[in-house]
Amino acid sequence: KTFGAKYSDSTTFEQLGVMLWGPAADRFSNVVDLLGHSSMRDENRGANGVSLCDAIASRSPDHVDEASLFISWAWKYPVRKFLNALRNYCIDKELDMKSTFMWICFFCNNQFDWLPRGPA
Numbered sequence: 035k036t037f038g039a040k041y042s043d044s045t046t047f048e049q050l051g052v053m054l055w056g057p058a059a060d061r062f063s064n065v066v067d068l069l070g071h072s073s074m075r076d077e078n079r080g081a082n083g084v085s086l087c088d089a090i091a092s093r094s095p096d097h098v099d100e101a102s103l104f105i106s107w108a109w110k111y112p113v114r115k116f117l118n119a120l121r122n123y124c125i126d127k128e129l130d131m132k133s134t135f136m137w138i139c140f141f142c143n144n145q146f147d148w149l150p151r152g153p154a
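Quick note, my numbering runs 34 ahead of the 1-based positions in the sequence shown.
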């Protein structure tokens, strides 16, 4: 709903990042405050902007826990295909999807720290 027609089954993490944080040339100038992640204060940096995982934890603590799986991925992966692969993995391994937690840097890293802020 947040992204409307811009989001489709072929949307990649790279495109989702641009939808959230803007293009590299104009990074963070027009942020979508998904779950309040851009308005929450990061005490380590002393500035607004936290990870999506921190924002989720502040609203639904039972949806965030210590990860038992580390997921390697790429910005070019389509989000829908990636999520389907995770779901299929859990089904194949007979993992409870409500109690299986995965570390995925897109969600766990504070992108306000990691993404470049436009041209150097």
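Beta carbons: idealized from backbone N, C-alpha and C, even for Gly.
Asn143 and Ser102 - do their beta-carbons sit closer together than 8 Å?
No, they are not a contact pair.
Taking only three categories from DSSP, how would you classify Asp130?
In the structure shown, Asp130 sits in coil (DSSP, three-state: anything other than H, G, I, E or B).
Under DSSP, the alpha helix (DSSP H) around Trp148 begins and ends at which residues?
Looking at the DSSP string, the run of the alpha helix (DSSP H) that includes Trp148 is Gln145 to Trp148.
On the three-state DSSP scale, how would you describe Phe141?
Here Phe141 sits in helix by DSSP.
Expressed to the nearest angstrom, what Euclidean distance is found between the alpha-carbon atoms of Phe140 and Ile125?
The alpha-carbon atoms of Phe140 and Ile125 are separated by roughly 23 Å.
Check the C-beta distance from Asp88 over to Phe135 and give it rounded, since I have them as a contact under 8 Å.
Rounded, the Cβ-Cβ distance is 14 Å, inconsistent with contact.
Is it buried or exposed for Gly80, if we count other Cβ within 10 angstroms and need 16 for buried?
Flag for Gly80 reads exposed.
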